[in-house]
Structures are given as structure tokens and as C-alpha cells.
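Worksheet: the structure to be examined is printed underneath.
Protein chains in written order, with the working numbering: chain R, 1 to 325; chain D, 1001 to 1325.
Here it is, written out as C-alpha cells:
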């Protein structure tokens, strides 16, 4: 990986205390790069930032229609959620509509994001289940697709399963990328994750935003209607999409953000080299802010996320995070 | 801040997914640099990595002797602890011995590190108190010093208070640095934190390790006897000092590690440019491993911390963190 420019700084006492490097690209649906910085051709694992791509075969196969999935459920299929009660409710509904059960999940279990949900589970004497996993919506969608394809659900997370083959085929076509020869890793939730250039991710999201892309239109509409389902309480994705409904944005592990601006026909992708979210959030906000596609109100929202104040345990202002893209 | 070399990589699927840059230095007590990489002259906020320095005036003033502090309590004065029940017990003891009370704390409150302690507090209907703050041992020591100096405890965290003046004077002398003209910020626990070169931090720790430095000998002995007090359950500092008692090491916020190897007369300091702990832990382990001052058993312990496997929520091995120093 080549050195990339500094995309955000963290300052204290008037000097830079820490700094973060990264790369980003904004593309239209024809592959024209509208803005970029750093190495946008190096392979990057998008991780959960491309859950929207993973959801496309669920829709295009007819599975989503067959099982009567609604907007809330489609949004959760594209989410990295907090495992809050509403997320669990919607994941359970997707499972039920497709005739699946929690026991079929192969994503593993982890504790919810919010302290109050952790305490609620712990005090009941229970342990977190796979349905609390931040990927349980995506996995419920994958199980629905397996059911629709008439495939055994066991092993639906493996590279050779029809579900993952469908995901790879869809993503390769959308992003103009040869995934057969791309590095492939195992994601936190056990599904394959392919590494490919940021430029191709941005292209794929621009194409997803095209009015002619039926599945993309549903996904973007669903996220706009239910931004809470994409992440949840105290999360950047939900906060910014709630305030800025013309933006579709999704975090991926290790400092990735991908998304699209449907009204402008643009897709974007950013990776913070060191995996930092604070830097990725500030830098993608500033990257989007610099595009000439927003109203003054929308610019103010993005500007607020491109720069934030750090407070300490007593509430004193002690520093700031500033995008430098 | 100049670009620094890559000190650790995080890989997945056979490629580097994320990478971390930083600088480090190992010095003897005469200021001879034994090993270094990156910019060791740039000002760095050591944050909690120099709590040992902040503890020196407590000892050298006579306050620690006067109030009868024991090794466990001195270790906690140098700690960033988890707020576990044993840490809270020892902090309370320091407060009591010096005639102080929790209400005098100016560090702010935050939840303990471990889930079980969070759940215990939450289920009792309580909120975390200042004594749960990871710095409550240091602050109990500072309150004891204020008492000993006959100073009002109110405002003991401010730059102009006799406690912080004593800290600055001690640290400036130990590290050969002019703190009067150094950038100064407010730390997470509200005390001043001065930025100065890693080289000077390493020098100060080498001097602290000198057999003639009485306060240093007490601090190092206390940490060796009570590594749990320095951090706690599931923490790097405690884990490695428990296995490797000839090492004194302390984390600081934003990816800093400082410490000393008393038997070799060496001090060290490392800063990960982006504030990452996973990188700082791997890189400092590898840095120490490369010094010709360890037994084969000790080298094996350091090697194990310089490289670690990443597992996902199902326990599958999905990647690794590797020091590259």
C-alpha cells in the first residue's frame, strides 16, 4: 500500500496530536472520476460498506418480492446495525417471511453496540445471539436468497455457495471488476470480502444510483425512509442520513465509507489507511461537502461533520478532529 | 508532523488491509540513542504514558512516606486502570490515608472498562463515579501531594497549582526538556499534558530506572509486584508485565507507550501516528524484542505480542497484526 495523504488531523493544545492518511474517489456512472486523492487503484477490502451490493441479488432474483419484504427490511439487509430491539425485531421478521430461523445464522454472535442493550441482556441472564450481530439483517437476506434459489442454507457464507456466487457476480458487473482474481478474505461475519480498487466501488455506487437500476432505487429509497435501520442510535450513518436524506452512505470495517448521491448521479468510496472511523467520518463529510451538488442547508450539515470538538470526561473542550482533504 | 515509517500492518486475505505509522526511540540514561525510527524530535503528547513521572513528586516530597502509601497504592498512582473493584478499593485507600474524599476528585467520571463491571453498576441503579475513572489512582496521589504541600485541593488539576508545578519541574529535570515553552494541552482527566520529543521521554525513563533514583526504584518495584494495578483484566500492560517482570511499560492515550528496562538501564518511548493501540502494542513489543537484553524465554513473550492473529465472531482466523519495525 503506497503512502496516502493526510485526510484528518486530531489536535490538542494547539498542535497536531495524531493524524490519519487515506484515499478517496468520487465517480459518475460512466466511470469519470469527479474527485480523488491518494491511491484509488490499490485493492481495498470494502467490508460492510458494500452491503447494498450484497443486497442486489436478493431483489433482482425476485426473492424480496416473493417473500414480501418491506422497505424497513430491505434497509436492514444493507445495514451494520447496533443490535437494538428494533433491529432484532426486523431481522426476525425477514427470517420468518422466508421460512428461516435464527439457528441457521452463520454470522456468529456479539454484544449490542449500546450500553443499555448490553445491560438489558446481561441482567436477564442471557447471552447475545447471532440476531444481535450487526450483520444479522444482511444474513437474514442471504438466507432468504438461499431459500429462493432452492439451495441448502448450510454453508451460505462460503465462497462456493450459490448465494455468495450471486453476490460476486452482481458486484463484479456493477463495479467492472474481475473478482475471480481479486484477493478474498473472510469478513467479521464470515462471508467472503473481496478487495478491489476504491475507483471501482465508487463506480458501482454511481450505477446503483441510476434511475434505471431498479434494485438500487429500492435500496436507496428504503435507507432514506429508515436511516435508523442502517446503523442505529449514536451512529454516524444514521445521524447524517437522517439530516441529509439525499445522501446514501454506509460504513465498512477498517475505516471505509461508500455510498452515492442519487440526485447527482455520483458514487463515492473512501478508505482510511489505518482503519480509523473518526478520520473516515470527518474526511468523507469534507469530500462530499466540496462537491457542487448540495443546498446551503445540506452543506452546513456536512461541514458540521467534517470538524468536531473533542471533550474530556469533565466536558472540557480539549481538542478537535479536522478533515484535511 | 512528518511522515513516519510503517510500524505495523493488519492483513486479511493475504494482503495488507490497514497499516500504521509511527516513531520510537530507546535511550540510555546518558541520552545515547540505542535504537530509533521515525521523527523522535517532534513534540508528542505522552498522555498517561508518563504517569510514573507524575508520581515522582509524590514520593520525593515525602508525601508517600508520610501517608504510609504501600506498593499497591504507588502502582495505582502510576496506572490507567479498568475501574475494577480492586482498583476502586486501592484508590479509596489512598484518599483515606491522606485525609481526602471522593468529592475532591476533578478527573470526571466514566464507565469501567470491563463489561461485567459496567453491568454491576448499571443493575444497581448507580452511575459510575470519579473513582472509577482510569486515572483515579493518579488523582488520589495528586490530592495526597496537595495535602502534603498544604495547598488547597480545589483546582489541583490546573497548570498553576503547586501539584502541577511540581510535576512539571520534576518531568523537565528528568527529561532534560523546557516545558515552559512546550505545547500544553488538557488531558482526558483534566490535568495538563505537555508535548515534547519521544527522545526526551525515553531519556527520562532511563534515568528513572537508575539504581540511584530512589523514587524510580519504588515505582518500578511497585509495578512489578502489582501489575494488575497498572491496568487490569484483558489489558496489554498488565498481561506483559505479569509475564515479563523485568519490563516496566505504560500506555498513553493516542497510541503511546513509554517505559524502562531497569536491568539494562534503558528507557523507551513510542507513538503511533494515528493513535492506534493495536499497532503500538505490536510495534513496542518488536522494538523491545530486538534489544539484546533478554533471555530466550523473555524474547518468546515479546515475540508473541509482536504478532497476533485476528479472529472473527465465529472464531475463524481472518487476519493478523504484524509489527514491521
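Beta carbons: idealized from backbone N, C-alpha and C, even for Gly.
What you are looking at is a predicted structure, and each value in this text was computed from that prediction instead of being measured.
Distance, residue j Cα to residue i Cα
i, j, result
"residue 76 of chain R", "residue 91 of chain R", "7 angstroms"
"residue 231 of chain R", "residue 78 of chain R", "9 angstroms"
"residue 174 of chain R", "residue 218 of chain R", "16 angstroms"
"residue 269 of chain R", "residue 325 of chain R", "14 angstroms"
"residue 1084 of chain D", "residue 1293 of chain D", "34 angstroms"
"residue 50 of chain R", "residue 1169 of chain D", "54 angstroms"
"residue 1203 of chain D", "residue 1158 of chain D", "26 angstroms"
"residue 172 of chain R", "residue 178 of chain R", "6 angstroms"
"residue 74 of chain R", "residue 126 of chain R", "28 angstroms"
"residue 1209 of chain D", "residue 1044 of chain D", "22 angstroms"
"residue 247 of chain R", "residue 262 of chain R", "7 angstroms"
"residue 146 of chain R", "residue 164 of chain R", "10 angstroms"
"residue 185 of chain R", "residue 72 of chain R", "29 angstroms"
"residue 1119 of chain D", "residue 1086 of chain D", "16 angstroms"
"residue 63 of chain R", "residue 54 of chain R", "13 angstroms"
"residue 1239 of chain D", "residue 1070 of chain D", "22 angstroms"
"residue 1330 of chain D", "residue 187 of chain R", "Nothing about residue 1330 of chain D can be reported from this structure: the residues present for chain D run from 1001 to 1325 only."
"residue 1151 of chain D", "residue 1213 of chain D", "26 angstroms"
"residue 1302 of chain D", "residue 1116 of chain D", "29 angstroms"
"residue 289 of chain R", "residue 1121 of chain D", "42 angstroms"
"residue 267 of chain R", "residue 143 of chain R", "28 angstroms"
"residue 1041 of chain D", "residue 1229 of chain D", "32 angstroms"
"residue 1194 of chain D", "residue 140 of chain R", "51 angstroms"
"residue 5 of chain R", "residue 295 of chain R", "28 angstroms"
"residue 1029 of chain D", "residue 16 of chain R", "29 angstroms"
For residue i, the nearest candidate out of the options (CA to CA)
i, options, result
"residue 156 of chain R", "R:107, R:315, R:320, R:29", "R:107"
"residue 215 of chain R", "R:226, R:5, R:52, R:195", "R:52"
"residue 1377 of chain D", "D:1275, D:1029, D:1272, D:1243", "Outside the displayed span of chain D (1001 to 1325) sits residue 1377 of chain D, for which this structure offers no information."
"residue 1285 of chain D", "D:1307, D:1292, D:1295, D:1264", "D:1307"
"residue 206 of chain R", "R:127, R:189, R:258, R:69", "R:258"
"residue 68 of chain R", "R:57, R:44, R:93", "R:93"
"residue 1316 of chain D", "R:109, R:320, R:61", "R:109"
"residue 201 of chain R", "R:114, R:17, R:62, R:260", "R:260"
"residue 26 of chain R", "R:20, R:187, R:35", "R:35"
"residue 310 of chain R", "R:9, R:271, R:187, R:5", "R:9"
"residue 1313 of chain D", "R:152, R:236, R:135", "R:135"
"residue 1189 of chain D", "D:1220, D:1198, D:1132", "D:1132"
"residue 1138 of chain D", "D:1151, D:1111, D:1116, D:1167", "D:1167"
"residue 1038 of chain D", "D:1229, D:1238, D:1007, D:1016", "D:1007"
"residue 148 of chain R", "R:211, R:229, R:98", "R:98"
"residue 81 of chain R", "R:211, R:31, R:223, R:290", "R:223"
"residue 321 of chain R", "R:115, R:239, R:20, R:252", "R:20"
"residue 1153 of chain D", "D:1063, D:1104, D:1251, D:1226", "D:1104"
"residue 66 of chain R", "R:54, R:41, R:96", "R:96"
"residue 1282 of chain D", "D:1193, D:1111, D:1040, D:1256", "D:1256"
"residue 102 of chain R", "R:113, R:129, R:112", "R:129"
"residue 199 of chain R", "R:254, R:100, R:24", "R:24"
"residue 1241 of chain D", "D:1220, D:1252, D:1253, D:1018", "D:1220"
Residue i burial status per 10 Å Cβ neighbour count (16 or more: buried)
i, result
"residue 1089 of chain D", "exposed"
"residue 276 of chain R", "buried"
"residue 12 of chain R", "buried"
"residue 1234 of chain D", "exposed"
"residue 1057 of chain D", "buried"
"residue 181 of chain R", "exposed"
"residue 1123 of chain D", "exposed"
"residue 271 of chain R", "buried"
"residue 226 of chain R", "buried"
"residue 22 of chain R", "buried"
"residue 1250 of chain D", "buried"
"residue 33 of chain R", "exposed"
Amino acids of chain A, ordered along the chain, whose beta-carbon sits closer than 7 angstroms to that of residue i
i, result
"residue 127 of chain R", "The displayed structure is made up of protein chains R and D, and chain A is not among them."
_Residues of the region 258 to 280 of chain R in Cβ contact with chain D at a cutoff of 7 angstroms, in chain order, please._
From the region 258 to 280 of chain R, only 273, 274, 275, 276 have a Cβ closer than 7 angstroms to chain D.
*Taking only runs that begin and end inside the region 138 to 165 of chain R, name each unbroken beta strand (DSSP E) of 3 or more residues, in chain order.*
Entirely contained in the region 138 to 165 of chain R, not one beta strand (DSSP E) run reaches 3 residues.
*Which residues, in chain order, does the region 1011 to 1031 of chain D contribute to contact with chain R at a C-beta distance below 8 angstroms?*
If the cut-off is 8 angstroms between Cβ atoms, the region 1011 to 1031 of chain D has 1012, 1013, 1014, 1015, 1016, 1017, 1018, 1019, 1020, 1021 near chain R.
*Can you give me, in chain order, the residues of the region 1209 to 1236 of chain D that have a beta carbon less than 8 angstroms from any beta carbon in chain R?*
Only those residues of the region 1209 to 1236 of chain D whose C-beta falls short of 8 angstroms from the nearest C-beta of chain R would be listed, and there are none.
*Pull out every residue of the region 130 to 164 of chain R whose Cβ sits closer than 8 angstroms to any Cβ of chain D, in chain order.*
If you check each beta-carbon in the region 130 to 164 of chain R against every beta-carbon of chain D, the ones closer than 8 angstroms belong to 133.
*Where in the region 1013 to 1071 of chain D do unbroken runs of the alpha helix (DSSP H), each at least 4 residues long, occur, reported from the N-terminal end onward?*
The region 1013 to 1071 of chain D contains these whole alpha helix (DSSP H) runs: 1051 to 1060, 1063 to 1066.
*asked:* My parser needs the alpha helix (DSSP H) runs of 4 or more residues fully inside the region 1098 to 1126 of chain D; what are they?
replied: You should have 1115 to 1123.
_Residues, ordered as in the chain, of the region 66 to 90 of chain R that lie near chain D by beta-carbon distance below 9 angstroms_ = Residues of the region 66 to 90 of chain R with a C-beta atom less than 9 angstroms from some C-beta of chain D do not occur.
*Please go through the region 247 to 305 of chain R and give each complete beta strand (DSSP E) segment of 3 or more residues, from N-terminal end onward.*
Segments of the beta strand (DSSP E) lying fully in the region 247 to 305 of chain R: 248 to 252, 256 to 261, 266 to 272.
*Could you name the residues of the region 38 to 66 of chain R whose beta carbon sits closer than 7 angstroms to any beta carbon of chain D, in the order they occur along the chain?*
From the region 38 to 66 of chain R, only 43, 45 have a Cβ closer than 7 angstroms to chain D.
*Which residues, in order along the region 1094 to 1105 of chain D, keep a beta-carbon less than 9 angstroms from a beta-carbon of chain R?*
Going along the region 1094 to 1105 of chain D in chain order, one finds no residue with a Cβ nearer than 9 angstroms to chain R.
_Contact set between the region 1287 to 1312 of chain D and chain R, restricted to residues whose Cβ is under 7 angstroms from the partner_ = Residues of the region 1287 to 1312 of chain D that bring their beta carbon within less than 7 angstroms of a beta carbon in chain R comprise 1312, in sequence order.
*Sequence ranges, alpha helix (DSSP H) only - wholly within the region 1194 to 1233 of chain D, length at least 4*: Segments of the alpha helix (DSSP H) lying fully in the region 1194 to 1233 of chain D: 1198 to 1208, 1214 to 1225, 1227 to 1230.
*Closer than 8 angstroms, Cβ to Cβ, to anything on chain R: give me those residues from the region 1163 to 1190 of chain D, in chain order.*
Listed in sequence order: 1183, 1184, 1185, 1186, 1187, 1188, 1189, 1190.
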